[in-house]
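K.L.:
Residue numbers (the working numbering): 1 to 370. Backbone N, C-alpha and C define an ideal beta-carbon position, used for all residues, glycine too. As the structure is a computational prediction, the values presented were derived from the model and not from experiment.
Spelled out as structure tokens, the structure:
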């Protein structure tokens, strides 16, 4: 059959268009040449309003493509769409003699030198995607329909690929926008703690080169102990291990004296590629500056541990400022008084180190716990 030797090359171009929609115009030109039509196009038609719009085409005057969308799509004989994948010509849809008297033929088809067209639904939805091949002055014959039938399954699959890629890109873009609007730094890390992705706040923290930095692409914190914890957690590439580490607050003190807290977050199993191998990121790290002076946090901590106002002030000062001397100076009290309150805080909270107070306080502001 004419052109069959070119079918593999044409099918390849169709799947290329499935991966890159900008190639569809070349693909429809190949389809037109293969089936022996005058023009070919992909278009959508709303099943209720009958409004149609052409996405990709070849062999037609752009002015008529615009006229179809603006006026003639509602006069198209395709008022009732055929079943998905079934190729129909105009005589299959309407009385051909009556059709030749109507506006669609008189004002749109005939001026283009066309009488008949082969149409097929490639994607069924509320606004189906269709392919049409204008046959010129001749009628659509069985040979043309057969050649087109060899193309239809591949074009349908290519459109599915288009939609799958578009959906994933849309989701990825939306998630990236959400992450970039967070004040906390988010770092997606692989099994070697290398940064796969960071949000805007994360990039700002790296640029500050203070509490965290990037060394040969690997995230390194200001704490050797924290670095060891991160390396051990992410090296496992085990979602359950990362999930267990989620509630563990990792306190960090920057060289400039600012306190931060980090939390490890597991990533969903949707990132897994078939088996146990994670595609890129093994997990995520959320990093934010400790700021617990707000009334709501203070009240919650005080109620939970039955702290007096003086004990709460020392608790928060230890977390935000540092040791006993600094707390005493900040609160305007004697160091012995600060130590007395601190020991009472230790007794009520059940911890024995100032670093544990930071972890404890961070847990109250951990959005993944409360």
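Among 329, 301, 331 and 326, which residue has its Cα nearest to the Cα of residue 345?
P.N.:
Numbered from its first residue, the chain shown carries residue 345 at position 345. It is 301.
K.L.:
Within its chain, find whatever has a CB closer than 7 Å to the CB of residue 313; leave out the 5 residues flanking it on each side and keep chain order.
P.N.:
Counted from its first residue, the chain shown places residue 313 at position 313. These residues qualify, in order along the chain: 331.
K.L.:
Apart from the five residues just before and just after residue 294, which ones in its own chain have a Cβ nearer than 8 Å to its Cβ?
P.N.:
Along the chain shown, one-based indexing puts residue 294 at 294. At residue 294, the pLDDT of 46 sits below 50, so the modelled position is not reliable and the matter cannot be decided from this model.
K.L.:
Which term fits residue 70, buried or exposed, when burial requires 16 or more other beta carbons within 10 angstroms of its beta carbon?
P.N.:
Looking up residue 70 in the chain shown gives position 70. Flag for residue 70 reads exposed.
K.L.:
Report the option in 161, 87, 153 and 315 whose CA atom is closest to the CA atom of residue 356.
P.N.:
Against the chain shown, residue 356 aligns to sequence position 356. Nearest C-alpha to residue 356: 315.
K.L.:
Return yes when the Cβ of residue 205 is within less than 8 Å of the Cβ of residue 211, no when it is not.
P.N.:
Looking up residue 211 in the chain shown gives position 211. Looking up residue 205 in the chain shown gives position 205. Yes. Within cutoff.
K.L.:
Give the single residue among 285, 361 and 121 whose Cα lies nearest to the Cα of residue 440.
P.N.:
Since the displayed the chain opens at 1 and closes at 370, residue 440 lies outside it and no answer follows.
K.L.:
Could you say which of 106, 104 and 122 lies nearest to residue 83 if we only look at CA atoms?
P.N.:
If you number the chain shown from 1, residue 83 lands on position 83. Among 106, 104 and 122, the Cα nearest to that of residue 83 belongs to 122.
K.L.:
For the stretch 43–91, which segments carrying the beta strand (DSSP E) assignment without a break, of at least 3 residues, lie completely within its bounds, in sequence order?
P.N.:
52–58
K.L.:
What's the C-alpha gap between residue 167 and residue 125?
P.N.:
Within the chain shown, the letter at position 167 stands for residue 167. Within the chain shown, the letter at position 125 stands for residue 125. Whole-angstrom Cα-Cα distance: 16 Å.
K.L.:
Tell me where the beta strand (DSSP E) around residue 35 begins and ends.
P.N.:
Your numbering for residue 35 matches position 35 in the chain shown. Not the beta strand (DSSP E): residue 35 falls in the alpha helix (DSSP H), residues 24–35.
K.L.:
Would you list the residues sitting across from residue 187 in a DSSP beta bridge?
P.N.:
As a first step, residue 187 must be located in the chain shown, where it is residue number 187. Partner(s): 198 and 285.
K.L.:
Report all residues from its chain with a CB closer than 8 Å to the CB of residue 29; omit the five preceding and five following residues, and keep chain order.
P.N.:
Position 29 of the chain shown, counting from 1, holds the residue named residue 29. Same-chain partners within the cutoff: 40, 58 and 59.
K.L.:
For residue 392, which of helix, strand or coil comes out of DSSP?
P.N.:
Because residue 392 is not part of the residues shown, which for the chain are 1 to 370, the question remains open.
K.L.:
From residue 50 to residue 194, what does the alpha carbon distance come to, in whole angstroms?
P.N.:
The residue you call residue 50 lines up with position 50 of the chain shown. The residue you call residue 194 lines up with position 194 of the chain shown. Between residue 50 and residue 194, the C-alpha separation is close to 53 Å.
K.L.:
Tell me the DSSP secondary structure of residue 351 in three-state form.
P.N.:
Taking the first residue of the chain shown as 1, we reach residue 351 at position 351. Reduced to three states, the DSSP call for residue 351 is coil.
K.L.:
Compare the Cα-Cα distances from residue 257 to each of 230, 223, 35 and 154 and report the closest residue.
P.N.:
Here residue 257 refers to the residue found at position 257 of the chain shown. It is 223 whose Cα lies nearest to the Cα of residue 257.
K.L.:
What residue range is occupied by the uninterrupted beta strand (DSSP E) comprising residue 259?
P.N.:
By one-based count along the chain shown, residue 259 stands at place 259. Residues 259–266.
K.L.:
For the beta strand (DSSP E) containing residue 117, list its first residue and its last residue.
P.N.:
As a first step, residue 117 is located in the chain shown; it is residue number 117 there, counting from the start. Note, residue 117: beta strand (DSSP E), 117–123.
K.L.:
Is residue 182 helix, strand or coil when you go by DSSP?
P.N.:
As a first step, residue 182 must be located in the chain shown, where it is residue number 182. Residue 182 falls in the coil class under three-state DSSP.
K.L.:
What residue range does the alpha helix (DSSP H) around residue 110 cover?
P.N.:
Counting from one through the chain shown, the residue named residue 110 turns up at place 110. No alpha helix (DSSP H) holds residue 110; DSSP gives it neither H nor E.
K.L.:
Would you tell me roughly how many angstroms separate the C-alpha atoms of residue 72 and residue 111, rounded to the nearest one?
P.N.:
As a first step, residue 72 must be located in the chain shown, where it is residue number 72. As a first step, residue 111 must be located in the chain shown, where it is residue number 111. Residue 111 has its alpha-carbon roughly 13 Å from the corresponding atom of residue 72.
K.L.:
With distances taken Cα to Cα, identify the nearest neighbour of residue 306 among 23, 317 and 341.
P.N.:
Position 306 of the chain shown holds residue 306. Distance check between residue 306 and each of 23, 317 and 341 places 341 closest, using alpha-carbon atoms only.
K.L.:
Three-state secondary structure (DSSP) at residue 218?
P.N.:
The residue labelled residue 218 in the question sits at position 218 within the chain shown. Residue state, collapsed to three classes: strand.
K.L.:
Quick one, which of 52, 64, 153 and 67 has its alpha-carbon nearest residue 87's?
P.N.:
Counting from one through the chain shown, the residue named residue 87 turns up at place 87. Nearest C-alpha to residue 87: 153.
K.L.:
Please state the DSSP three-state secondary structure of residue 211.
P.N.:
Here residue 211 is taken as the residue at index 211 of the chain shown, counted from 1. DSSP places residue 211 in coil when its eight states are reduced to three.
K.L.:
What residue range is occupied by the uninterrupted alpha helix (DSSP H) comprising residue 8?
P.N.:
The residue labelled residue 8 in the question sits at position 8 within the chain shown. Residues 7–19.
K.L.:
Where does residue 230 sit, in a helix, a strand or coil, going by DSSP?
P.N.:
Within the chain shown, the letter at position 230 stands for residue 230. Helix.
K.L.:
If distances are taken between C-alpha atoms only, which option among 127, 33 and 90 comes closest to residue 115?
P.N.:
Indexing the chain shown from 1 puts residue 115 at position 115. Ranking 127, 33 and 90 by CA distance to the CA of residue 115 puts 90 first.
K.L.:
What does DSSP give as the partner residues of residue 136 in its beta bridges?
P.N.:
As a first step, residue 136 must be located in the chain shown, where it is residue number 136. Under DSSP, residue 136 forms no beta bridge with any residue.
K.L.:
Which value, in whole angstroms, describes the spacing of the CA atoms of residue 358 and residue 319?
P.N.:
As a position in the chain shown, residue 358 is number 358, starting the count at 1. As a position in the chain shown, residue 319 is number 319, starting the count at 1. Rounded to whole angstroms, residue 358 to residue 319 spans 5 Å at the Cα level.
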